[in-house]
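Trainee:
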Amino acid sequence: MSTEFEDKDLCRDQLQGLLKLSPENEQEQQILDALVESCEVVDPAQARERRFELRVGKWVIREEDLKLFDVVKDSLTMFASGGYLLGNLTAAGITSLIVSLVRLGRDCYLNGVTITDKQLQIILTLKKEGRAIAFRDILASLVNETPDGWNEPDLRKELEALKTMPSRNKKVEVVQSTSADEWFLTGI
32 MSTEFEDKDL CRDQLQGLLK LSPENEQEQQ ILDALVESCE VVDPAQARER
82 RFELRVGKWV IREEDLKLFD VVKDSLTMFA SGGYLLGNLT AAGITSLIVS
132 LVRLGRDCYL NGVTITDKQL QIILTLKKEG RAIAFRDILA SLVNETPDGW
182 NEPDLRKELE ALKTMPSRNK KVEVVQSTSA DEWFLTGI
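FYI, in my numbering the residues of the sequence shown are 32 to 219.
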């Protein structure tokens, strides 16, 4: 089931209510704006024909996306509350990060892969750095910036799980490691 809107603001209002986002919280509003962008459905033919013209768009909130949006919102809000993730990013950077996380979540959903909140925190940490990061530095970031009580065995277990995630058709690799125990994202 999905709800379709021809007005971006109506989609925004609906998502704000469904996700219980505060209109007074600037970080939540930035997250909401990016989630609304990920709801936009663009007809590829129209996009090619009207590159420099005003496009009439539509926005779709899919029921299966709501749980994903909620997880993305909760994880980013937790990181943002510590000033960790969103404070250093521009609005375009925040939108790009959220849209890529939503795409990752949709791809995982379509392939039957489930990513936990803790795994999403790891992905956010690696995405923020944009390069291979030493295991100890990932652990330090997570310990300092999240309230989840990370420890070395838990982080190792979650990273290993992200290396070979089972799906309907094959195993999906989200992270890889180097011989120096540095970790990086693959295909995200």
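C-beta: ideal position from N, C-alpha, C; glycine also.
Tell me the DSSP secondary structure of residue 184 in three-state form.
Mentor: Three-state DSSP puts residue 184 in a helix.
Trainee: Helix, strand or coil, according to DSSP, for residue 34 in the structure here?
Mentor: The answer is strand: DSSP assigns residue 34 an E or B state.
Trainee: Between the C-alpha atoms of residue 51 and residue 134, what's the straight-line distance to the nearest angstrom?
Mentor: Spanning the two alpha carbons is a distance of roughly 22 Å.
Trainee: Under DSSP, the alpha helix (DSSP H) around residue 39 begins and ends at which residues?
Mentor: Unbroken alpha helix (DSSP H) run through residue 39: 39 to 50.
Trainee: Rounded to the nearest angstrom, what separates residue 195 and residue 128 at their Cα positions?
Mentor: Approximately 23 Å, taken between the alpha carbons.
Trainee: Ends of the alpha helix (DSSP H) at residue 158?
Mentor: First-last of the alpha helix (DSSP H) with residue 158: 148 to 160.
Trainee: Where do the N-terminal and C-terminal ends of the alpha helix (DSSP H) with residue 68 fall, by residue?
Mentor: Taken as a continuous stretch (DSSP letters only), the alpha helix (DSSP H) holding residue 68 covers 57 to 70.
Trainee: To which residues does DSSP link residue 211 through a beta bridge?
Mentor: Answer is none; residue 211 lacks a bridge partner.
Trainee: In the structure shown, what three-state DSSP assignment does residue 123 receive?
Mentor: Residue state, collapsed to three classes: helix.
Trainee: Buried or exposed, going by whether 16 or more other CB atoms sit within 10 Å of the CB of residue 69?
Mentor: It is buried - the Cβ of residue 69 has at least 16 other Cβ atoms within 10 Å.
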